[in-house]
Amino acid sequence: MAFWELFILAVGLSMDAFAVSICKGLASKKMRWDGALACGLYFGGFQALMPTIGYFVGSRFYTYIERFDHWIAFVLLALIGVNMLREAFSEEEQVDASFAVKGMLVLAVATSIDALAVGVSLACLQTNIAAAAAVIGVTTFVFSFAGVRIGNVFGTKYRKKAVIAGGVILIGIGLKILIEHLLGA
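Next comes the structure, spelled out in structure tokens:
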């Protein structure tokens, strides 16, 4: 997988964390730089960790699934993307302004579960997991850190658009993988 493909994948995966970070910024009465750093570290860290776990799980079973690995990658990415689109059009959840460890851990896990499935897809594609995890983690860190500031300044105006963009990106990557494999590219 080329760097630009990893980066686009990372942007798509980071949109849930970005949306939650925007909500955290909105809920804060004044800009909290320590909160922005906490969002970046929690969300970026878990977005890097989860695909790594998924990769090693997927690698153990690769010999059993290599004949249809492109379908697995497509289905997982498409399901995650469709789920993000569904979430974008559902009722908005309330996010509190707290950056306490317990709450941030729950949010970090919740926003990175999809990255676990992406890790399985990366194993099927035999992608360099260290590079992928680094790109995903750093991209999510930047988006999450900035999201707190953006939320504090602009509110939830762009939350829905960010989640929609993330869903469309993941579906597009899944289609690209499937088409390339079917066409033998």
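The sequence shown runs contiguously to residue 184 in numbering that gives the first Met the number 0. Quick reminder that beta carbons are idealized off the backbone N, C-alpha and C, glycines included.
is_contact[residue i, chain B] using C-beta, thresh 7 Å
{"i": "G173", "result": "This model lacks chain B altogether; it includes just one protein chain."}
For residue j and residue i, believed in contact at Cβ under 8 Å, the rounded distance
{"i": "V10", "j": "T138", "result": "6 Å"}
{"i": "A87", "j": "G166", "result": "7 Å"}
{"i": "L12", "j": "Y54", "result": "Not quite, the Cβ-Cβ distance comes to about 14 Å (not below 8 Å), so this is no contact."}
{"i": "I170", "j": "V81", "result": "7 Å"}
Within 7 Å, strictly: CB atoms of residue i and residue j
{"i": "I79", "j": "C123", "result": "no"}
{"i": "G44", "j": "S143", "result": "no"}
{"i": "L147", "j": "G24", "result": "Correcting the residue type first, residue 147 is Val in the shown sequence and not Leu. A contact, by the Cβ cut-off of 7 Å."}
{"i": "G57", "j": "V134", "result": "no"}
{"i": "M83", "j": "Y41", "result": "no"}
{"i": "I168", "j": "I21", "result": "no"}
{"i": "M49", "j": "S111", "result": "yes"}
{"i": "T51", "j": "I128", "result": "yes"}
{"i": "Q46", "j": "A109", "result": "no"}
{"i": "M14", "j": "A161", "result": "yes"}
{"i": "G150", "j": "F98", "result": "no"}
{"i": "R5", "j": "A131", "result": "At residue 5 the sequence reads Leu, which differs from the Arg that was named. Yes, they are a contact pair."}
Span of the alpha helix (DSSP H) around residue i
{"i": "M49", "result": "32 to 59"}
{"i": "G183", "result": "Run containing G183: none; DSSP gives neither H nor E here."}
{"i": "M14", "result": "2 to 26"}
Residue from the options whose Cα sits closest to the Cα of residue i
{"i": "V216", "options": "A133, V100, A116, A130", "result": "Residue numbering for the chain in the displayed model covers 0 to 184; residue 216 lies beyond these limits and cannot be assessed."}
{"i": "K159", "options": "S111, A16, R31, I112", "result": "A16"}
{"i": "A26", "options": "L181, L106, V152, V81", "result": "V152"}
{"i": "S89", "options": "L181, W3, I163", "result": "I163"}
{"i": "Q125", "options": "T62, L106, I178, W3", "result": "T62"}
{"i": "V178", "options": "L76, H69, L106, R85", "result": "Checking the sequence shown, residue 178 turns out to be Ile, not Val. Out of L76, H69, L106, R85, H69 has the C-alpha closest to the C-alpha of I178."}
{"i": "L181", "options": "K28, W3, L76, F67", "result": "F67"}
Can you list the alpha helix (DSSP H) stretches of 4 or more residues lying completely in the segment 67 to 147, in chain order?
Assignment of alpha helix (DSSP H) within the segment 67 to 147, counting only whole runs of 4 or more residues, yields 68 to 87, 100 to 123 in chain order.
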